[in-house]
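Chains as they are written, first to last, in my numbering: chain E, 492 to 626; chain R, 40 to 256. The next block holds one structure in the form of structure tokens; read it before the comments.
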Amino acid sequence: MNIGKSVVIKGELNGSEDLTIEGHVEGTIQLRDHVLTIGLNGRIKAQVFAKAVIVLGEVTGNVTASDKVDIRDGGSVDGDIISPRVAIAEGAHFRGSVDMQRKGAAPAPPQSVGKLAAPPEKPTVGVQQPQPVRA
Amino acid sequence: MGLLDRLAPRQKEPGHGPAPSSSENPVFATKALRKFLTTLTSQESPTLLDLGPVVGSNVSFFGEQLGCKILVEDIFSDIDRHIRSGRIDDLPAFLTKRFSQADASVDGILCWDVIDYLDKVSAHALAEQMTRLLRADGALLAFFGTAQAKDMRYTKYVVVDEVNLKHRRYAAARGRQAILLNRDIIRLFSGLRVSESFLLQNNLREILFRKPAYDVR
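Here's what the structure looks like:
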């Protein structure tokens with residue numbers, strides 16, 4: 492389903508199918524099991540909940556996706572993202588936080604860092620001679 | 040699972056080794072990043088504050104592989120916006136109010152080389168905020184130029200792996216403001232302690248700061 496450029500929606504938007512928005516939406520968008528695409532002309536000021544969110548236009552508000560958030564080149568998100576997978580293209584704008592809610596991979600407890608122990612507190616000075624890395 | 044275990048899958052994937060270096064996007068070795076990562080990953084679900092522009096692969100690296108919650112607060116775009124609107128004198132006050140996060144709420148800060156692009160007052164304002172946000176034992180990674188660069192460009196630092204950074208240059212509204220001496224840097228971050236310092240041949244000094252458990256000022 493598409494919401495066209497001339498459409499303005501204020502309020503709560505719920506759906507059970509994939510949705511592409513080219514217009515303006517303010518409020519809340521919920522597509523829990525489906526893909527939401529914010530088209531090039533889409534302007535969203537809303538809390539967004541979906542399975543996957545693809546952003547080519549502008550989103551102001553928090554975005555929660557159970558699968559993936561994909562901000563494409565030229566897309567813009569001002570808000571916090573919660574999603575296990577996040578892709579942000581070169582040329583995309585993002586300001587906010589990203590929480591990828593890692594599942595099934597326990598973070599390292601302090602004692603397991605092993606050889607990579609925390610750096611010493613005493614200042615140390617080293618001189619490195621970096622060279623551009625070749626493939 | 041240790042840091043190396045967490046990074047291993049990335050290195051095994053095709054195309055995830057050190058990227059080819061080009062003159063536009065050279066790849067340089069980094070000494071301090073690995074130590075920063077070690078400090079960061081000693082915490083469970085660490086919160087990372089990135090003061091540079093968003094880089095998709097960095098988000099994947101820190102978010103997916105290291106389990107960080109990432110806060111992206113692009114100070115370079117703030118500088119540009121203030122210059123273009125003729126309000127650069129407002130930048131120190133803006134930076135003082137810029138960060139809404141609670142005191143000691145951040146485990147690691149990627150400051151990159153943003154300090155070089157700030158005037159003295161703005162640099163102090165930012166450094167003070169970073170010191171406020173960093174938790175005790177937290178780490179801040181900052182780069183400082185040691186030679187005056189004439190071009191008006193910022194650098195996006197793209198993490199290739201824990202020992203290599205790709206330097207991707209892009210247009211800036213102004214160039215570096217000053218070359219800071221060691222003592223200036225230490226004074227600037229007077230609430231932090233220099234943990235590691237590396238002088239690189241590419242005229243970049245990498246400094247890893249740690250926040251002591253007590254106030255050193």
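Backbone N, C-alpha and C fix where the C-beta goes; we use that ideal spot for every residue, glycine too.
- Contact of Arg563 (chain E) with chain R is not assigned, every C-beta pair being separated by 8 angstroms or more.
- Taking the Cα positions, Leu227 (chain R) is about 36 angstroms away from Ile562 (chain E).
- In the three-state scheme derived from DSSP, where H, G and I count as helix and E and B as strand, Val198 (chain R) is classed as strand.
- Chain-ordered, the chain R residues with CB closer than 7 angstroms to the CB of Asp590 (chain E) read Lys108.
- A direct Cα-to-Cα measurement between Thr77 (chain R) and Val589 (chain E) gives close to 21 angstroms.
- Per DSSP, reduced to three states, the secondary structure at Ser161 (chain R) is helical.
- In summary, Asn242 (chain R) is exposed, with fewer than 16 beta-carbon neighbours lying within 10 Å of its beta-carbon over all protein chains present.
- Of the other Cβ atoms in all chains shown, 16 or more fall within 10 Å of the Cβ of Lys250 (chain R); this residue is therefore buried.
- Secondary structure of Ala68 (chain R) (DSSP, three-state): strand.
- For Arg534 (chain E), no chain R residue has a C-beta closer than 7 angstroms to its own C-beta; the minimum C-beta separation is roughly 20 angstroms.
- The beta carbon of Gly106 (chain R) lies closer than 7 angstroms to those of Ser84 in the same chain, with the five residues before and after it left out.
- Ala210 (chain R) carries a strand assignment under DSSP once its states are collapsed to helix, strand and coil.
- Between Leu79 (chain R) and Gly125 (chain R), the C-beta gap is not smaller than 8 angstroms, which leaves the two residues out of contact.
- Secondary structure of Gly587 (chain E) (DSSP, three-state): strand.
- At least one CB atom of chain E sits nearer than 8 angstroms to the CB of Val98 (chain R).
- No residue range can be given for Asn532 (chain E), since it is assigned to no beta strand (DSSP E) and is classified by DSSP as neither H nor E.
- Short of 7 angstroms from the beta carbon of Tyr209 (chain R), and not among the five residues preceding or following it, lie these beta carbons of its own chain, in chain order: Arg192, Tyr193 and Lys195.
- One finds Gly95 and Ser99 in chain R with Cβ atoms closer than 8 angstroms to the Cβ of Ala578 (chain E), taken in chain order.
- With respect to chain R, the C-beta atom of Gly552 (chain E) has no partner C-beta closer than 8 angstroms.
- For Lys108 (chain R), the number of other beta carbons within 10 angstroms of its own is at least 16, and it is reported as buried.
- For the 8 angstroms CB-CB criterion, His121 (chain R) and Phe138 (chain R) do not form a contact.
- C-alpha of Val98 (chain R) to C-alpha of Val577 (chain E): approximately 8 angstroms in a straight line.
- In this structure, Leu149 (chain R) keeps its C-beta atom at 8 angstroms or more from the C-beta atom of Leu238 (chain R).
- Closest in C-alpha terms to Val160 (chain R), from the list R:Ala217, R:Asn64, R:Pro65 and R:Lys70, comes R:Ala217.
- For Glu581 (chain E), a Cβ of chain R is located within less than 8 angstroms of the residue's own Cβ.
- Of all residues in the stretch 141–167 of chain R, none comes within less than 9 angstroms of chain E when Cβ atoms are compared.
- Here DSSP, grouped into helix, strand and coil, assigns Gln521 (chain E) to strand.
- Rounded to the nearest whole angstrom, the C-alpha separation of Val554 (chain E) and Pro575 (chain E) is 12 angstroms.
- Burial is judged here by how many other beta carbons sit within 10 angstroms of a residue's own beta carbon; Ala162 (chain R) has at least 16 and is buried.
- Interface with chain R (8 angstroms Cβ-Cβ cutoff): Gly587 (chain E) is included.
- Of the candidates R:Ile246, R:Arg174 and R:Ser144, the residue whose Cα lies closest to the Cα of Thr185 (chain R) is R:Ile246.
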